[in-house]
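*Asks:*
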Amino acid sequence: MWFRNKRTPFKAFLDRHGILQKEIAEEAGVSENTVTKACSNHEYIPSAIIKKKLLKAAKKVNPHIRSYDFWDV
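Residue numbers (the UniProt record's numbering): 1 to 73.
1. When you compare only the Cα positions, how much space is there between threonine 8 and valine 73?
2. Quick one: what's got a C-beta closer than 8 Å to isoleucine 65's C-beta in the same chain, skipping five residues either side?
3. Is tryptophan 71 closer than 8 Å to lysine 51 when the C-beta atoms are compared?
4. Leaving out the 5 sequence neighbours to the left and right, which residues in its chain are closer than 7 Å to lysine 22 when beta-carbon positions are compared?
5. Measure the Cβ-Cβ separation of serine 40 and lysine 6 and say whether it is below 8 Å.
Here's what the structure looks like:
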């Protein structure tokens, strides 16, 4: 499907684990707009603080993930 190509690695991770963007935003303590950018914009690289929050929330599902799994460092 055409819309699947817009998914970033972060969005693919959320989809694989059945996590909604709203859920990860609440868990990470960031806005839904921030999560939407992380899920749809391949050029978006979050600030260090946002990246840490998103990873901390995602690690509750998979403790082995790293920042470079989602974003170029």
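Just so you know, even glycine gets a beta-carbon here, dropped at the ideal spot from N, CA and C.
*Replies:* On the basis of the data shown:
1. Annotation: threonine 8 to valine 73 spans about 15 Å, alpha carbon to alpha carbon.
2. For isoleucine 65, where only same-chain residues beyond five positions count, the Cβ hits under 8 Å are Phe13, Leu55, Ala58, Lys59.
3. A contact, by the Cβ cut-off of 8 Å.
4. Excluding five sequence positions before and after lysine 22, the CB atoms of its chain that fall closer than 7 Å to its own CB belong to Glu32, given in chain order.
5. A contact, by the Cβ cut-off of 8 Å.
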